[in-house]
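Q: Submitted below is the structure of interest, expressed as structure tokens.
Chains as they are written, first to last, in our numbering: chain U, 1 to 788; chain Z, 789 to 1076; chain A, 1077 to 1240.
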């Protein structure tokens, strides 16, 4: 493909004018004629039997249209299926009733729903519902849930609360550890990847309308994947798929939390069908914290084996993954496929042995949160690289360099069985070290602390798997879907274009980047191109936006469709110009005959002729549009190096976050401004895990971090200005050469910060602190005191 | 999040407001800026039957130097007004320094000093400062006004010396003279911004020695308090870092430091000592 | 008992009977239909609901509509004039100051209050000035660039930075 005008240009986003003027429509902004409001009554207990449920007073409350309980929904709604049935793991899939019938299993589990004329009446009536609970024993810790004698069992057919046991083995790890114990080095460490709350700024919201005349159900809602939502809505409600339309209007962030199919959307659809009125439900932030999925929550024992020169030979470990009270839609695949397979990172580690237990506890369900499994994996291996370096008294950069997969070995098949498409890790490392002035920082460190503040620098050299993905491969991992993507590129008689994608961007800017791609391919002015997404009634089936797949897979489909349009246009142009197709040159939206530049037709002229169809070549159908379904041949593997510099105040454990450099390689870059924005946002979420965030349940199953006044979503003043840079190693199999960048920042930054803090604490002999690195934890580690 | 229904009154005089409080007793709550009351009403942790919005009473938001050498601050003066008050910046800069770190800009635009003091949140920022300033809180009841010294005002967590039918109408603080330095430093909770520890220091220094010290501490105990042992250890001393650190080590003498998810009792007590040291050193440098 | 309130929003005076407990943000969104103002947290932490009241940024989820009786409000819908974007809107567009856009209206109005106070803020002042507004997408860096862009433009300088 010739280097073109818009690919690579930092053009400003076409999404923005509606968003900055208040003209965007998010789900909760919708007002439909006759619309009523739903309020879901939720369990205040983490585990209890419902002994009495009295809704009569609520029913009589002024403005109340209907009240439903779990019994009313029984039989009317099927359980929502689990979408990732990881094989050979003895996976248990206990159903999650949309509203509890006799037992609640986490605080926030729904027990009833009130539908009323306005939100205020619905809220008041909800307070009138009387529920008697008989509390049952509670377990919130995943290790205790499995191993503590007498731990309560959440589901009758799930002994020891083990939802699955997944085993990964490649090479011979046991032998490698034996060897290392004999004449190498073994480093062991326990890690906690604490539970996080995704915190999309827009809470979830659903508006459902059922037309009893046509049998059509239309649902507007906050989803990252409307087509999957339609499929699941059809399965759950029994309404035939062709009668279900899902529309994701403007969606205010997701970060994975808007992938799952929640009980709530089924409840709202039920209410719409049974009241005959359009129904709106919007969670408040407390409900969001209690019931929208959480992320991470791993407890891991890990060890690595290496030779004395720092060459890694094996990795072995076990993770207890907390899944919450029920399986969320994609839950089983996150701590296994997306986590375990990436544990070896960007290093040649020939032997791996790893086990993951998925565990039910009396907490909110856990599913994909930005990075989904990969931040956990990157944290483990990148922390281990620093521990190994410290053990061998080597520089962390050198240990990494020594173990990088060399550039001439790509495509590279890892011990876990993945084939990395491309990589060239050292240039990114070099660039990052230079930008941060690594050797100067090491010199400064030698001078000792200044005013009690200890300087630390931390590295994270990462690679990650994204661009999900080849359908046959994800199918073999138990994913209950394909992960190809669709596109339709349709030119209209006036020469304008509409592009339909099966992905559902919600902030990532693909209305702009996709238009850049199509503008280049067809030589159209970018303003003549509209990108349509998020409506199952508008375009073909697609699988949605998550896993940094939208530009990679969705963009792949779009470029293929655009090229088909161009091929058809070339046929018509050749016919109109009475030239052989092979003699045509296409440049800047103009077909001309080679050698006679004046004999030419613009794409707009060709398009009009395609629609008029007065003079089409034989066998060419009227109109000018094409569709494409792109199923990638492999995943993509972005990589890079992030470096953080911190100062730690030894007196208080307070951390000053001083500098940050990110050098990412996400393949070819369509819009650098947008890529920078993705990286910045990702870094902040990853740093937040390292330093501030963490969802905490009491032993009784109460969420102690239940609001934004308790759970520290970071603020602007907590960060320095990030320096971003790139290397460019195109994906060899992607038609655009792109790799994806939506999650790199989150995946890379967490260990960079933690490594920096622990680097600063080396004078104190502190080697590990679990996240978040609160002042107290740091202070306690320095001063050797046990907390509580 | 929707509050339970209530009856709403917006009196335009203090007398009218007091009449409403008298009439409705326990069922009434006073609303000033609303930033303490409305959040708990939205969670339905408070469900008053009657809300008396005093925000429309004119004349209660003035900040002015009074004839007696004090500065009077109307109860409805917002944190933002205190932060930017020229007279306070000149004559009592501890209050603007404190106001500037309350909540965020939007919260400061609405929240009032009267509302904050009446709420008596132990992690709020004003209490320690008014204690250190030996401020006076003027409360008006149906029988007239009385002056409550700050040291008698904070009774317990969320509990003050205010009577049921009484409204804070004014806060009076001294003009700080030459040779007096003040400082407010705080370790904010990363989510709420409330003080995990907040320390206000007022120091009079002459001849290189501390003549008077007043230290007010927020966030540590169930109520803000004066750190008497620290004050005692500072007076008469030349304030070098060693002496200040030794004095600050008494920051929680006689006080049980609170424990929560963010900071244990032990760590909070340690932070109190460190922040007391920081506040004193900063105030001392300003006194010079 | 309902109360009659008069509120001037973006230059238009509205008179409505409201329940005393009606939150200002619900009045703006549900009664007036100005849905550019969003609700993100309910605890006055996130700033998504920020509007200007009598010229100052406030969190409309922590105000009763009744408290705004007689007040003048400005919401995101009132930023652009005669089809021309406000410099703050222009800055957010030019500098990629938004991704999902949900926090953006509140963020822009907080920025407006900040720039009214400090026409030439440092990066540090901007970072602290928007501490009452959470953004989960951008990592804030482009928001800061956007506010700096707006500040330059509002001061009558060339808004664009020399080099990106």
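All residues carry an ideal CB built from backbone N, CA and C; glycine is no exception.
#1: Straight-line CA distance for residue 702/U to residue 78/U?
#2: In chain U, which residues lie with their C-beta within 9 angstroms of the C-beta of residue 1203/A?
#3: Which residues mark the beginning and the end of the beta strand (DSSP E) in which residue 190/U is found?
#4: What residues in the segment 1107-1119 of chain A have a beta carbon less than 8 angstroms from any beta carbon of chain Z?
#5: Cβ atoms of residue 892/Z and residue 1207/A: under 7 angstroms apart, would you say?
#6: By the three-class DSSP mapping on this structure, what secondary structure does residue 23/U have?
#7: Under the rule that 16 or more other beta-carbon atoms within 10 Å means buried, what is residue 1240/A, buried or exposed?
#8: With contact counted as at least three CB pairs below 8 angstroms, one residue from each stretch, are the segment 801-809 of chain Z and the segment 1110-1118 of chain A in contact?
#9: Going by DSSP in three states, residue 1137/A sits in which element: helix, strand or coil?
#10: Is there a Cβ from chain Z that is less than 7 angstroms from the Cβ of residue 1197/A?
#11: Are the CB atoms of residue 959/Z and residue 923/Z within a distance shorter than 7 angstroms?
#12: Please determine, among 119/U, 700/U, 23/U, 413/U, the residue with the shortest C-alpha to C-alpha distance to residue 1106/A.
#13: Is residue 817/Z near residue 846/Z, with beta carbons less than 7 angstroms apart?
#14: Starting from residue 280/U and walking both ways along the beta strand (DSSP E), at which residues does that stretch end?
#15: Using a Cβ cut-off of 8 angstroms, pull out every chain A residue sitting near residue 853/U, in sequence order please.
#16: With respect to the beta strand (DSSP E) encompassing residue 998/Z, which residues constitute its N-terminal and C-terminal limits?
#17: Name, going along the chain, the residues of the segment 820-836 of chain Z whose beta-carbon falls closer than 7 angstroms to a beta-carbon of chain A.
#18: Report buried or exposed for residue 1181/A, applying the criterion of at least 16 other Cβ atoms within 10 angstroms of its Cβ.
#19: Quick check: the segment 736-751 of chain U against the segment 441-451 of chain U, are at least 3 beta-carbon pairs closer than 8 angstroms?
#20: Taking only three categories from DSSP, how would you classify residue 681/U?
#21: Please report the distance separating the alpha-carbon of residue 430/U from that of residue 460/U.
#22: Name the chain U residues whose beta carbon is nearer than 7 angstroms to that of residue 1207/A?
#23: Suppose the cutoff is 8 angstroms on Cβ atoms and the five residues either side in sequence are ignored; what does the same chain contact list for residue 638/U look like?
#24: For the segment 157-186 of chain U, which segments carrying the beta strand (DSSP E) assignment without a break, of at least 3 residues, lie completely within its bounds, in sequence order?
#25: Nearest-angstrom Cα distance between residue 1236/A and residue 1171/A?
#26: From residue 634/U to residue 651/U, what does the alpha carbon distance come to, in whole angstroms?
#27: With 8 angstroms as the limit, tell me which residues of the segment 122-133 of chain U have their beta carbon closer than that to any beta carbon of chain Z; keep them in chain order.
#28: Grab me the residues of residue 1148/A's own chain with a C-beta within less than 7 angstroms of its C-beta, minus the 5 sequence neighbours each way, in chain order.
#29: Using a cut-off of 8 angstroms between C-beta atoms, extract the partners of residue 508/U located in chain A.
#30: Alpha helix (DSSP H) containing residue 562/U: first to last residue?
#31: On the DSSP letters alone, give me the boundaries of the alpha helix (DSSP H) that residue 759/U sits inside.
#32: Would residue 1061/Z pass as an interface residue toward chain U - the criterion being a Cβ-Cβ separation below 7 angstroms?
#33: For residue 990/Z and residue 1002/Z, which I take to be in contact (beta-carbon distance under 8 angstroms), what is that distance rounded to the nearest angstrom?
#34: For residue 225/U and chain A, any beta-carbon pair shorter than 7 angstroms?
#35: By the DSSP assignment, the beta strand (DSSP E) with residue 38/U in it spans what residues?
#36: In the DSSP assignment, what residue or residues form a beta bridge with residue 861/Z?
A: From the atom records:
#1: Taking the first chain and counting its residues from 1, the one referred to as residue 702/U is at position 702. Taking the first chain and counting its residues from 1, the one referred to as residue 78/U is at position 78. Looking at the two C-alpha atoms, the distance is approximately 29 angstroms.
#2: Locating residue 1203/A in the third chain gives position 127, counting from the first residue. 715, 716, 717, 718, 719, listed in chain order.
#3: Counting from 1 along the first chain, the entry for residue 190/U is found at position 190. First-last of the beta strand (DSSP E) with residue 190/U: 184-196.
#4: 1118, 1119
#5: Position 131 of the third chain, counting from 1, holds the residue named residue 1207/A. Position 104 of the second chain, counting from 1, holds the residue named residue 892/Z. Cβ atoms of residue 1207/A and residue 892/Z: closer than 7 angstroms.
#6: By 1-based counting over the first chain, the position of residue 23/U is 23. It is coil, neither helix nor strand.
#7: Mapped onto the third chain, residue 1240/A falls at position 164. With a pLDDT of only 47 at residue 1240/A, under 50, the local geometry of the prediction cannot be trusted, and the value read off the model is given with reservation. So residue 1240/A counts as exposed.
#8: no
#9: As a first step, residue 1137/A must be located in the third chain, where it is residue number 61. The answer is helix: DSSP assigns residue 1137/A an H, G or I state.
#10: The residue labelled residue 1197/A in the question sits at position 121 within the third chain. So, not an interface residue.
#11: Stepping through the second chain from its first residue, residue 923/Z is reached at position 135. Stepping through the second chain from its first residue, residue 959/Z is reached at position 171. Yes, these two residues count as a Cβ contact at 7 angstroms.
#12: Position 30 of the third chain, counted from the first residue, corresponds to residue 1106/A. When each option's Cα is compared against that of residue 1106/A, the closest is 119/U.
#13: Indexing the second chain from 1 puts residue 817/Z at position 29. Indexing the second chain from 1 puts residue 846/Z at position 58. Contact flag unset, no.
#14: One-based indexing of the first chain puts residue 280/U at position 280. Its beta strand (DSSP E) spans residues 279-282.
#15: For residue 853/U there is no data in the structure shown, the boundaries of chain U being 1 and 788.
#16: Sequence index remark: in the second chain, residue 998/Z carries index 210 (1-based). 997-1006 is the span of the beta strand (DSSP E), which, as asked, contains residue 998/Z.
#17: 822, 823, 826, 827, 830
#18: Start at 1 with the first residue of the third chain, and residue 1181/A comes out as number 105. The residue in question, residue 1181/A, is buried, as its Cβ has 16 or more Cβ neighbours within 10 Å.
#19: no
#20: For this step, residue 681/U is matched to residue 681 along the first chain. The answer is helix: DSSP assigns residue 681/U an H, G or I state.
#21: As a position in the first chain, residue 430/U is number 430, starting the count at 1. As a position in the first chain, residue 460/U is number 460, starting the count at 1. Distance between the alpha carbons of residue 430/U and residue 460/U: 13 angstroms.
#22: Translated into the one-based positions of the third chain, residue 1207/A becomes position 131. Against chain U, the beta carbon of residue 1207/A has neighbours under 7 angstroms at 715, 716, 717, listed in chain order.
#23: Looking up residue 638/U in the first chain gives position 638. Excluding residues up to 5 positions away in sequence, 463, 464, 466, 548, 664, 665, 666, 667, 739, 740, 741, 744 lie with their Cβ nearer than 8 angstroms to the Cβ of residue 638/U in the same chain.
#24: 162-170
#25: Numbered from 1 along the third chain, position 160 holds the residue referred to as residue 1236/A. Numbered from 1 along the third chain, position 95 holds the residue referred to as residue 1171/A. Computed Cα separation, rounded: 9 angstroms.
#26: Taking the first residue of the first chain as 1, we reach residue 634/U at position 634. Taking the first residue of the first chain as 1, we reach residue 651/U at position 651. Computed Cα separation, rounded: 51 angstroms.
#27: 123, 124, 127
#28: Your numbering for residue 1148/A matches position 72 in the third chain. Counting only Cβ-Cβ distances below 7 angstroms, and skipping sequence neighbours, we find 1084, 1130.
#29: If you number the first chain from 1, residue 508/U lands on position 508. Chain A residues near residue 508/U: 1175.
#30: As a first step, residue 562/U is located in the first chain; it is residue number 562 there, counting from the start. It spans 555-577 - the alpha helix (DSSP H) in which residue 562/U sits, taken as one unbroken run.
#31: By one-based count along the first chain, residue 759/U stands at place 759. Here the alpha helix (DSSP H) through residue 759/U covers 744-760.
#32: Here residue 1061/Z corresponds to residue number 273 of the second chain, with the count starting at 1. No - not a single Cβ of chain U is within 7 angstroms of the one on residue 1061/Z.
#33: Residue 990/Z sits at position 202 when you count from the first residue of the second chain. Residue 1002/Z sits at position 214 when you count from the first residue of the second chain. Residue 990/Z to residue 1002/Z, Cβ: 4 angstroms. Contact.
#34: By one-based count along the first chain, residue 225/U stands at place 225. Closer than 7 angstroms to the CB of residue 225/U there is not a single CB belonging to chain A.
#35: By one-based count along the first chain, residue 38/U stands at place 38. Counting along the chain, the beta strand (DSSP E) containing residue 38/U begins and ends at 36-42.
#36: On the second chain, residue 861/Z is found 73 positions in, with the first residue counted as 1. BP columns for residue 861/Z point to 851/Z, 959/Z.
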